[in-house]
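Chemist: Protein chains in written order, with the working numbering: chain W, 1 to 403; chain L, 404 to 758.
Using N, Cα and C, we set each Cβ at its ideal position, and we do this for glycine too.
Bear in mind that the values here come from a model prediction, so they are computed numbers and not experimental data.
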Amino acid sequence: MISRRTMLKASAATAAALTARPWPAFADNATGVTDTEIKIGQTMPYSGPASAYGVIGRVDAAYFKMINDQGGINGRKINLISLDDGYSPPKAVEQIRKLVEQEQVAFIFNSLGTPSNSAIRDYLNENKVPQLFVATGASKFGDPEHYPWTMGWQPNYRTEAAIFAKHILANKPAAKIGILYQNDDFGKDYLNGLKETLGDKNAGMVVKEVSYEVSEPTVDSQVITLQGSGADTFVIAATPKFAAQAFRKAYDVGWKPVEYVTNVSLSVGAVLKPAGLEKCVGAMTGDYGKEATDPKWKDDPGMNTWRDFMAKYMPGADTTDANAVYAYGVSATLVQVLKQCGADLSRERIMKEAANLKDLELPTTLPGIKINTSPTNFYPIRSMQLARFDGTTWELFGDVLTG
Amino acid sequence: MLNFELASPVEQTGRAAVSAPRAALVVLALIVILGLPFALSGYQTFQFSRVIIFAIALLGLNLLTGFNGQISLGHGAFFAIGGYASAILTAKLGVSYWATLPIAGLICFGAGFLFGFPALRLGGLYLALATFALALAVPQLLKFKPFDPWTGGVQGINLAKPQPPLHLPLTRDQWLYFLCLVVAAFLFWVAINLVNSRIGRAMVAIRDHPIAAEAMGVDTAIIKTTIFGLSAAYTGVAGALSTIAIGFVSPDSFGLFVSLSFVLGIVVGGLASIWGVVIGALFIEFVPNYADQLSDVFGESAKALPWAIYGLMVMVIMYAAPSGAAGVAKSLARGVEGLRRRTANDGDRRPAKSG
Chain W
1 MISRRTMLKA SAATAAALTA RPWPAFADNA TGVTDTEIKI GQTMPYSGPA SAYGVIGRVD
61 AAYFKMINDQ GGINGRKINL ISLDDGYSPP KAVEQIRKLV EQEQVAFIFN SLGTPSNSAI
121 RDYLNENKVP QLFVATGASK FGDPEHYPWT MGWQPNYRTE AAIFAKHILA NKPAAKIGIL
181 YQNDDFGKDY LNGLKETLGD KNAGMVVKEV SYEVSEPTVD SQVITLQGSG ADTFVIAATP
241 KFAAQAFRKA YDVGWKPVEY VTNVSLSVGA VLKPAGLEKC VGAMTGDYGK EATDPKWKDD
301 PGMNTWRDFM AKYMPGADTT DANAVYAYGV SATLVQVLKQ CGADLSRERI MKEAANLKDL
361 ELPTTLPGIK INTSPTNFYP IRSMQLARFD GTTWELFGDV LTG
Chain L
404 MLNFELASPV EQTGRAAVSA PRAALVVLAL IVILGLPFAL SGYQTFQFSR VIIFAIALLG
464 LNLLTGFNGQ ISLGHGAFFA IGGYASAILT AKLGVSYWAT LPIAGLICFG AGFLFGFPAL
524 RLGGLYLALA TFALALAVPQ LLKFKPFDPW TGGVQGINLA KPQPPLHLPL TRDQWLYFLC
584 LVVAAFLFWV AINLVNSRIG RAMVAIRDHP IAAEAMGVDT AIIKTTIFGL SAAYTGVAGA
644 LSTIAIGFVS PDSFGLFVSL SFVLGIVVGG LASIWGVVIG ALFIEFVPNY ADQLSDVFGE
704 SAKALPWAIY GLMVMVIMYA APSGAAGVAK SLARGVEGLR RRTANDGDRR PAKSG
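1. Where does the unbroken beta strand (DSSP E) through T233 of chain W begin, and where does it stop?
2. How many angstroms separate the CA atom of G113 of chain W from the CA atom of V55 of chain W?
3. Rounded to the nearest angstrom, how far is the Cβ of E126 of chain W from that of G445 of chain L, given a contact under 8 Å?
4. Check the Cβ-Cβ distances between Y500 of chain L and every residue of chain W, and say whether any is below 8 Å.
5. What are the boundary residues of the alpha helix (DSSP H) that V454 of chain L is part of?
6. Determine which residues share a DSSP beta bridge with N79 of chain W and list them.
7. Would you kindly work out how many angstroms separate the C-alpha atoms of L437 of chain L and L431 of chain L, rounded to a whole number?
8. If we ignore side chains and look at the alpha-carbon of each, how far apart do L504 of chain L and A488 of chain L end up?
9. Between I669 of chain L and chain W, is there a C-beta pair that is closer than 8 Å?
10. What are the residues that DSSP puts in a beta bridge with R388 of chain W?
11. Could you check if H146 of chain W is buried or exposed, using at least 16 other CB atoms within 10 Å of its CB as the buried criterion?
12. Kindly identify the DSSP beta-bridge partner or partners of G54 of chain W.
13. Using only the alpha-carbon positions, how far apart do V214 of chain W and S221 of chain W sit?
14. First and last residue of the beta strand (DSSP E) that includes Y182 of chain W?
15. With 8 Å as the threshold, decide whether the Cβ of I649 of chain L is near any Cβ in chain W.
16. Can you tell which of W:A162, W:V219, W:A161, W:F234 has the C-alpha that lies nearest to the C-alpha of A404 of chain W?
17. Does the beta-carbon of L571 of chain L have 16 or more other beta-carbons within 10 angstroms, so that it is buried, or is it exposed?
18. Using a Cβ-Cβ cut-off of less than 8 Å, give me the residues of the segment 453 to 478 of chain L that come near chain W, in sequence order.
19. List the residues of chain W that Q760 of chain L touches, going by C-beta distances under 9 Å, in chain order.
20. Are G642 of chain L and F481 of chain L touching if we call contact CB-CB under 8 Å?
21. Could you list which residues in chain W have their beta carbon closer than 8 Å to that of K546 of chain L, in chain order?
22. I want to verify the contact list: residues of chain W whose CB lies under 8 Å from the CB of S762 of chain L, in sequence order.
23. Is there a Cβ from chain W that is less than 8 Å from the Cβ of W710 of chain L?
24. Let me confirm a value: W23 of chain W is counted as buried when at least 16 other C-beta atoms fall within 10 Å, else exposed. Which label applies?
25. Give the residues of chain W in contact with S653 of chain L, contact being defined as C-beta atoms less than 8 Å apart.
26. Starting from Y529 of chain L and walking both ways along the alpha helix (DSSP H), at which residues does that stretch end?
27. V557 of chain L and D185 of chain W - do their beta-carbons sit closer together than 8 Å?
28. So is L433 of chain L buried or exposed if we call it buried at 16+ other beta carbons inside 10 Å?
29. Does any C-beta atom of chain W lie closer than 8 Å to the C-beta of S664 of chain L?
30. Please classify S139 of chain W: does DSSP put it in a helix, a strand, or coil?
31. Are N263 of chain W and E103 of chain W touching if we call contact CB-CB under 8 Å?
32. Between D695 of chain L and chain W, is there a C-beta pair that is closer than 8 Å?
33. Opposite N377 of chain W in the DSSP bridges: which residues?
34. Would S88 of chain W and G658 of chain L qualify as a contact pair, given that the criterion is a beta-carbon distance under 8 Å?
35. Return the chain-ordered list of same chain residues with a C-beta closer than 6 Å to the C-beta of I369 of chain W, the five sequence neighbours on each side being excluded.
36. Specify, as a first and last residue, the run of the beta strand (DSSP E) that I687 of chain L falls within.
Shown next, in the form of structure tokens:
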């Protein structure tokens, strides 16, 4: 039996070992870069309420493994250090400081979560560490004037909401809009984007706004409330599980509004099928990427590249998960940035090249959607194309719109 | 269930004459504590600042649960209230960051005192549930729409990090560490004096024999509500310091796990132990990171393993040292004392049993 004395000795030794970490030695001039390696860091919610998004970190790592197997970038392998922050901002701050100060990473890539990214943004900008391609659509992360080291990637929620609002104004100016939104940064950004684009003149168009908490089991009562308000246009700013419930309930109670659903929840496999394909006919969304379960992309060469990658580097993973497609796209964008840097991998150069992407197309983005950045534009993807669900697939229509 | 065995405050900090080895230990401890920020990197100093902050929060909870017997699974709520009070005062009302500390403490004292009243009617499991509800409610309240102009809603509030005053030759991390240390020293001094006073004895009496205490003339109601308030004030000040350290607050910063970590911390440190909270704070700050490193051994796919390892370590500690670190220290002290006495009386006694 372990005596108490031994326990205490062991704990003391452990505590000492914890705080005495060897300092990594890097020979090159650029932080985090050696002749053979580029070290980058990120925080992901591998545990906690947002752990479903942890797959993004895993796919990022798998993508870089693929690149490394192909020889790396200019002879250097990418070493991604991904730490868990449990979707808690204080933990994110701690982990990021560890990555920057102890692990001496070159930059932070694709960290997830608006709260976490908000918490670390000041620190990273102060220390001039690039915070690239943050995994959140919050519009605040594309502000080069105040935060020159922070850049988003996906179309931000306001852009999406703005595109919807413009479409409503153009096609149904007398619409009565009811909006269901998640009570967090994502939902509220959406709501504000919609209202902003409608403007004060048309503020009366929004007849009802109803929120829900991520912890709620169902949004059925919210949908009924919206139906009762007399709305004839339904904007669903909800994550997959709740979007499916919203579609199903609206149909079941006999409410037939014009439906707009956020890009986050357009998955045929994860949202529309569980809701009931016939119940979602006519719904519209703003699309920028190819959706994994959409039959239209069954034989698409770009998506097949992705499928081959998933089969080889993420065996057993869920291939209906839109997050996996997303992660592939972001990682590919980073590889392009690093390639453009050539031999100079200093933080300044990395940031400069990140703000220098011209008409980049990815295998997983829709034809016509191009990634563009400039020193004054830190929103890499600003374009979307509207699509309407016809019962089987998302039919793209109209032009590629830019928000 | 909970082991209050070593609780008596009289045993805690005796006024006995300080022996030479004891004094040497204290001096050594002081050298380590004061020298830490100069020997470690900025990041590590930041981690130890967090340890001090947690120690203050745990001390607050320990006063309530360890010394006064009122269980609280909701101290994360007071941590949040203190944190937000500091953030709002600094960001919206332009108050200097150090001035927010006493104000946050007062606000939380009020909140804790008010919560203490209905808590008088509850005991044990029911109080645990009521405080649990508080822990769940506060993050939601922080997201409440009408409060948005003040709380920043789900986006939270960003704050500037404080600079060392008077152009002292300290880095920001070192200054923060010393700020936390000074506040902690003051609060610990108050706590030690409190538990050694008449009120301290009343607190313990209420915990151990509430009916007898009442019969002896102890005003149970006033003491219980006041201690609830004081406990909340301590945790609130810790929350305010945490806001200053991190520079950001949002409702997601104060989930349920914060409250549960606090309870874990005081049990690991030892209930009703003033100095045990330091061990508890070290535990909740470093062990999750340690578990993270341990799980890396199992490869990339074991990303969620750290919490399983964390849970396992807690279970091991509960089995091996149910009275927490304070209990271990007491046993050690007794063992050393026993050994000393045995070797001193070697001549005129039978050989002692092996221990």
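Modeler: A quick look at the data gives this:
1. Per DSSP, T233 of chain W belongs to the beta strand (DSSP E) from 233 to 237.
2. If you take the alpha carbons of G113 of chain W and V55 of chain W, they lie about 14 Å apart.
3. So it is not a contact: roughly 12 Å between Cβ atoms.
4. Taking Cβ atoms only, chain W never reaches closer than 8 Å to Y500 of chain L, which makes this a no.
5. According to the DSSP assignment, V454 of chain L belongs to the alpha helix (DSSP H) that extends over 445 to 465.
6. For N79 of chain W, which the question treats as bridged, DSSP gives the partners W:K39.
7. If I take the Cα positions, the gap works out to 10 Å.
8. A direct Cα-to-Cα measurement between L504 of chain L and A488 of chain L gives close to 9 Å.
9. Proximity of I669 of chain L to chain W, defined by a Cβ-Cβ separation below 8 Å, is not satisfied.
10. DSSP output for R388 of chain W lists W:M284, W:E395 as bridge partner(s).
11. With fewer than 16 Cβ atoms within 10 Å of its Cβ, H146 of chain W is classed as exposed.
12. Beta-bridge partners assigned by DSSP to G54 of chain W: none are found.
13. V214 of chain W and S221 of chain W: Cα-Cα distance of roughly 15 Å.
14. Here the sequence assigns Gln to residue 182 of chain W, which means Tyr is not the residue at that position. Segment 177 to 182, the beta strand (DSSP E) holding Q182 of chain W.
15. Residue contact with chain W for I649 of chain L: present (Cβ-Cβ distance below 8 Å to some residue of chain W).
16. Coverage of chain W is limited to positions 1 through 403, which leaves residue 404 of chain W absent and any answer about it impossible.
17. Counting Cβ neighbours within 10 Å, L571 of chain L comes out exposed, since fewer than 16 surround it.
18. Taking 8 Å as the cut-off between beta carbons, the residues of the segment 453 to 478 of chain L near chain W are R453, in sequence order.
19. Residue numbering for chain L in the displayed model covers 404 to 758; residue 760 of chain L lies beyond these limits and cannot be assessed.
20. In contact: G642 of chain L and F481 of chain L (Cβ atoms closer than 8 Å).
21. N183, D184, listed in chain order.
22. What is shown of chain L runs 404 to 758, which leaves residue 762 of chain L out entirely.
23. Interface residue, yes.
24. Because the pLDDT of W23 of chain W is 40, which lies under 50, any placement of that residue in the model is unreliable, and the number read from its coordinates should be weighed accordingly. Label assigned to W23 of chain W: exposed.
25. P89, P115, S118, A119, listed in chain order.
26. 528 to 545 is the span of the alpha helix (DSSP H), which, as asked, contains Y529 of chain L.
27. When the beta-carbon positions are compared, D185 of chain W and V557 of chain L come within less than 8 Å of each other.
28. With a 10 Å radius around the Cβ and a threshold of 16 neighbouring Cβ atoms, L433 of chain L comes out exposed.
29. Judged by the 8 Å Cβ criterion, S664 of chain L is not in contact with chain W.
30. Reduced to three states, the DSSP call for S139 of chain W is helix.
31. 8 Å or more divides the Cβ of N263 of chain W from the Cβ of E103 of chain W.
32. By this cut-off, D695 of chain L is an interface position.
33. Bridge partners of N377 of chain W: W:S374.
34. Yes. Within cutoff.
35. Excluding positions up to five away in sequence, the list reads Y288, S383.
36. I687 of chain L -> not in any beta strand (DSSP E); alpha helix (DSSP H) instead, spanning 679 to 699.
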